[in-house]
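A.B. asks:
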Amino acid sequence: MLSTQELTILILFLISSIVAVAAKRFNLPYTVALMAVGLILGTIKIFQSPQINREILYAIFLPGLIFESAIHIKISDFFKNIWIILFLVIPGVVLSTILSAAALIFFASYIESLKEIDWNAALLFGAAVAATDPISVISIFKTLGAPKRLRLLIESESLLNDGTSIVIFLLLLNYIVNKNFSIDTMFTDFALIGGGGVLIGIVIGVFASYAMKNIDDPMIIITITTIAAYGSFLIADKMNLSGVMSTVATGLICGYRGFSNDIFPSIKIATETFWEYVSFALNSIIFLLMGFTIKLKILISLWPAIVLAYISVLISRAFLVILGWGIFYPTKSRIPFSWAAIIWWGGLRGALSMILALSIPDNFAFKDIIIAMVFGVVLLSIFIQGLTATTFLKALKIVPPKDELKEYELLKAKIAIIQNTIERLEELSQKRLIDPESFKELKNEYLKELETYTKKLGELKLKRADIANEEKKRVLRRALKEQKTKLLELYQNGTLSFDTYYKLLNEIDAKILEMETIG
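Each residue of the sequence shown is one higher than the one before, starting from 40 at the first, in my numbering.
1. Mark I190 as exposed unless 16 or more other C-beta atoms lie within 10 angstroms of its C-beta, in which case mark it buried.
2. Quick check on DSSP: helix, strand or coil for Y368?
3. Looking only at its chain, what residues have a beta carbon closer than 7 angstroms to the beta carbon of M40, apart from the 5 residues adjacent to it on each side?
4. May I have the straight-line CA-CA distance separating I50 from L80, to the nearest angstrom?
5. So the candidates are E480, I409, E490, Q469; which of them puts its Cα closest to the Cα of A455?
6. DSSP state of N402, grouped into three classes?
7. Below 8 angstroms on the Cβ atoms is my guess for S197 versus F164; work out the distance and round it to an integer in Å.
8. Between L387 and T224, which are expected to be in contact by the criterion C-beta below 8 angstroms, what is the C-beta distance as a whole number of angstroms?
9. Enumerated in chain order, which unbroken segments of the alpha helix (DSSP H) with a length of 4 residues or greater are wholly contained in the stretch 83-125?
10. Could you tell me the boundaries of the alpha helix (DSSP H) in which A428 lies?
11. Report buried or exposed for W364, applying the criterion of at least 16 other Cβ atoms within 10 angstroms of its Cβ.
12. Starting from K187, trace the alpha helix (DSSP H) in both directions and tell me its first and last residue.
13. Tell me the rounded alpha-carbon separation between I54 and F180.
14. Take every Cβ of the stretch 266-273, pair it with every Cβ of the stretch 201-219, and state whether three or more of those distances are shorter than 8 angstroms.
15. Can you tell me whether A170 is helix, strand or coil according to DSSP?
16. Going by beta-carbon coordinates alone, are A275 and G244 separated by less than 8 angstroms?
17. Around the C-beta of Y249, are 16 or more other C-beta atoms found within 10 angstroms, so that it is buried, or is it exposed?
18. Exposed or buried, Y492, counting other C-beta atoms within 10 Å across all chains shown (16 or more means buried)?
19. Residue range of the alpha helix (DSSP H) that S377 falls in?
20. Considering just the uninterrupted stretch of the alpha helix (DSSP H) at D276, what are its terminal residues?
21. From the beta carbon of K453, is the nearest beta carbon of chain B less than 8 angstroms away?
22. My parser needs the alpha helix (DSSP H) runs of 4 or more residues fully inside the stretch 457-518; what are they?
23. Would you decide whether V60 is buried or exposed? Buried here means 16 or more other CB atoms lie within 10 Å of its CB.
24. Can you say whether S285 is buried or exposed, counting buried as having 16 or more other CB atoms within 10 angstroms of its CB?
25. Determine the closest residue to T82 out of V128, I205, G330, with distance taken between C-alpha atoms.
26. Looking only at its own chain, which residues have a Cβ that is under 7 angstroms from the Cβ of L383, when we skip the five neighbours before and after it?
27. Starting from the C-beta of K523, find all residues in its chain whose C-beta is less than 6 angstroms away, skip the five residues before and the five after it, and write them out in chain order.
28. Mind checking whether I337 and R93 have CB atoms under 8 angstroms apart?
29. Name the two residues that bound the continuous alpha helix (DSSP H) containing K336.
30. So what does DSSP say about M40, is it helix, strand or coil?
31. Find out if the Cβ-Cβ distance for the pair S195, A344 is shorter than 8 angstroms.
32. Looking at the secondary structure, which residues open and close the alpha helix (DSSP H) in which V287 lies?
33. Decide if the stretch 65-73 is in contact with the stretch 320-330; the criterion is three or more beta carbon pairs, one per stretch, under 8 angstroms apart.
34. Nearest CA to the CA of G77: which residue from F52, N66, Q469?
35. Could you tell me the boundaries of the alpha helix (DSSP H) in which Y394 lies?
Written out as structure tokens, the structure reads:
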């Protein structure tokens, strides 16, 4: 018999499935839609939902989500961009914490409910909101075909700054509560906790990669990666080191060594599909729980403080990103200013910020106001930035506007139809089923149309080369899938042996993987 908690989890999965279908139908970011539904259901209290807390986040959600992101990052690309990523992650999180705190202190004098807030509370707020969670923006990037390097920068920053934010927040909290703050001690502790976590992750990642070598069973590979993902996090956490940094290191190494040429492409696809499902399932539940956890009535009563807190976060993020853009502009690591703008706007806040705020001790004077402001910032960032990310990307011309994509497809379709019509007219003419004069007149009309559409298509290709590249990828993907279907048919009717079928299947899967990696 199902317990209440098990039934609740099933209901949450059912809700998330319905929301996923609706979000796709209405072209909304899935995670934003989930949080909105969670808010509504949490407000009307149809059923009792489990509340989001540190134990749930650490034991279930963080390891799986971090590992899934890490294994998809190409380590060679990661190290090519290492300096700009590290700037956003280490000095970036420290600067973001201080700047958010300073902006909050400045604005606090204008809001009655914030007038008593001090630097200790402001710094805790700044550290809590320093962690970015751009999951909805990343999914939009994938859908719209944003540049690969831009996706890498935002995803890598998010991966690493989660660990950095946790360490800085917990160190600040410890020093504020115990009244023994020291810059030297803080930096030493930060290096030990973060570096120790990375070291644990590297060791586990190397062992897991070695264990996966030449294994041809996807179930075993999935089991090894699951143990590595959750084991690296839990071991580091039990040793009072950074579990997040440990899982990031394990994921990067497993993605590089374990998922390289040592495992078959078909097994790699099966394993990555499993982890994509894990990511989908965990994100579905966590964004619903975030909606359930936020108490809308409390946030509405404190809306002036929350709005100013949100503005503080945006200002500090803007300063940080522009500073990084300026520092790296003279170097090979430079990025376009439009990319800097989307890195700024794509820095959404999520569940981790909420968990950090909830972990403040009850006897801390400003706990309730910090929780309200952090929850409010998370809510505003997900709804405002999450819902406008697509418009922002198109306005900055980082992805092709939908109108141009439609025009491209329309021109291609018209050209194909006219070419087919001309061929049909020539067939009729050869069979003497059409008057020669009529044939000549009609053919000339269609040739003129064909010339016009071909010229427009050429101009559009010159203007947006990425559209043609995306179409080429789509056609190639379809062709490779048809090859797999035909291959399976040949195996099932006995034309191919299993060994030959499996060898050819791996060759096709390798081409699919190469195409997706390049894109």
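Every residue gets a Cβ at the ideal spot worked out from N, C-alpha and C, and that includes glycine. These numbers were taken from a predicted model, which means no experiment stands behind them.
C.D. replies: A quick look at the data gives this:
1. For the sequence presented, residue 190 should be read as Arg rather than Ile. R190 is classed as buried because its beta carbon has at least 16 other beta carbons within 10 Å across all chains shown.
2. Coil.
3. In this predicted model, M40 has a pLDDT of only 48, less than 50, meaning its place in the structure is not dependable enough to derive any value.
4. Each residue's Cα considered, the two are about 12 angstroms apart.
5. It is E490 whose Cα lies nearest to the Cα of A455.
6. DSSP places N402 in coil when its eight states are reduced to three.
7. Not a contact, Cβ separation roughly 20 angstroms.
8. Between T224 and L387 the Cβ distance is about 32 angstroms, and since that is not below 8 angstroms, they are no contact.
9. Counting whole runs of 4 or more residues, the stretch 83-125 contains the alpha helix (DSSP H) stretches 101-110, 114-119.
10. Per DSSP, A428 belongs to the alpha helix (DSSP H) from 425-434.
11. Buried.
12. Its alpha helix (DSSP H) spans residues 187-217.
13. When rounded, the distance between both Cα atoms is 25 angstroms.
14. Counting C-beta pairs with one atom in each stretch, the stretch 266-273 and the stretch 201-219 have fewer than three that are closer than 8 angstroms, which means they do not touch.
15. Reduced to three states, the DSSP call for A170 is coil.
16. With respect to the 8 angstroms criterion, A275 and G244 are not classified as neighbours on the basis of their beta carbons.
17. Looking at its Cβ environment, which holds fewer than 16 other Cβ atoms inside 10 Å, Y249 is exposed.
18. Answer is buried; the Cβ neighbour count reaches 16.
19. Judged by DSSP secondary structure, S377 falls within the alpha helix (DSSP H) whose first and last residues are 376-384.
20. Looking at the DSSP string, the run of the alpha helix (DSSP H) that includes D276 is 257-277.
21. Note that chain B does not occur in the displayed structure, where there is just one protein chain.
22. Whole alpha helix (DSSP H) segments, 4+ residues: 475-502.
23. Looking at its Cβ environment, which holds fewer than 16 other Cβ atoms inside 10 Å, V60 is exposed.
24. Buried: at least 16 other Cβ atoms inside 10 Å.
25. Comparing Cα positions, the closest option is G330.
26. As written in the sequence, residue 383 is Trp, which differs from the Leu given in the question. Taken in chain order, the residues that qualify are R356, A357, V360.
27. Excluding residues within five positions, the ones whose Cβ falls inside 6 angstroms are I547.
28. Result no, Cβ atoms of I337 and R93 do not sit closer than 8 angstroms.
29. K336: member of the alpha helix (DSSP H) spanning 335-340, first to last residue.
30. With a pLDDT of only 48 at M40, under 50, the local geometry of the prediction cannot be trusted, and the value read off the model is given with reservation. M40: coil per DSSP, three-state reduction.
31. Judged by their CB atoms, S195 and A344 are not nearer to each other than the 8 angstroms cut-off.
32. That run of the alpha helix (DSSP H) goes 282-292.
33. Verdict: yes, contact present.
34. With respect to the C-alpha of G77, the residue from F52, N66, Q469 having the closest C-alpha is F52.
35. Looking at the sequence itself, residue 394 is Ile, so the reference to Tyr does not match. Start and end: 390-397.
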